[in-house]
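Those letters in the sequence shown? Residues 1 to 103, per full-length UniProt numbering, in order.
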Amino acid sequence: MSVSEVEETIKRISAHKGVMGLIVVNSEGIPIKTTLDNSTTVQYAGLLHHLTSKARSVVRDIDPQNDLTFLRIRSKKHEIMVAPDKEYLLIVIQSSDTNQPLH
C-alpha cells in the first residue's frame, strides 16, 4: 500500500460519523500516524498495544492455529476498534454521541 493510499484510507475512516480519532501504531507500540493530540495518542497506543498482545496470546493459547484478527471494546462513552497486522495496529476510536469530546 502506498503512502497516498494510506492517507486516503485514514481520511475515509476519519470522515465516518462518530469517529473521534485514528492511530496507526508500529509493532513496537510507537504511534506513527494519528489524528489525535500527542498525549492522548501515546496513552491509547501504549495501552492498546499491550492489550492487543495479550488478546492475541489468549487466542493462540486456546488454538495455536488461530490468530487475532480484530478487537472491539465498547464502553459507556466510546467504542475502540483495533485491527492488528503483523507490523501495525490500526486503532479507531468512536463515540455513539457525535458531539462527545474524547476526554
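Glycine included, C-beta positions come from ideal geometry on N, C-alpha and C.
Do residue i and residue j have their CB atoms nearer than 8 angstroms?
{"i": "residue 24", "j": "residue 32", "result": "yes"}
{"i": "residue 26", "j": "residue 88", "result": "yes"}
{"i": "residue 56", "j": "residue 67", "result": "yes"}
Taking the straight line between their C-alpha atoms, what separation do you get for residue i and residue j?
{"i": "residue 77", "j": "residue 54", "result": "23 angstroms"}
{"i": "residue 8", "j": "residue 14", "result": "10 angstroms"}
{"i": "residue 84", "j": "residue 21", "result": "17 angstroms"}
{"i": "residue 40", "j": "residue 29", "result": "14 angstroms"}
{"i": "residue 44", "j": "residue 2", "result": "25 angstroms"}
{"i": "residue 65", "j": "residue 34", "result": "32 angstroms"}
Give me the residue from the options with the minimum Cα distance to residue i.
{"i": "residue 75", "options": "35, 64, 95, 62", "result": "95"}
{"i": "residue 86", "options": "61, 17, 16, 52", "result": "52"}
{"i": "residue 46", "options": "82, 70, 69", "result": "82"}
{"i": "residue 97", "options": "12, 2, 16", "result": "16"}
Throw me the rounded Cβ distance for the residue i and residue j pair, which I believe falls under 8 angstroms.
{"i": "residue 92", "j": "residue 19", "result": "6 angstroms"}
{"i": "residue 48", "j": "residue 80", "result": "7 angstroms"}
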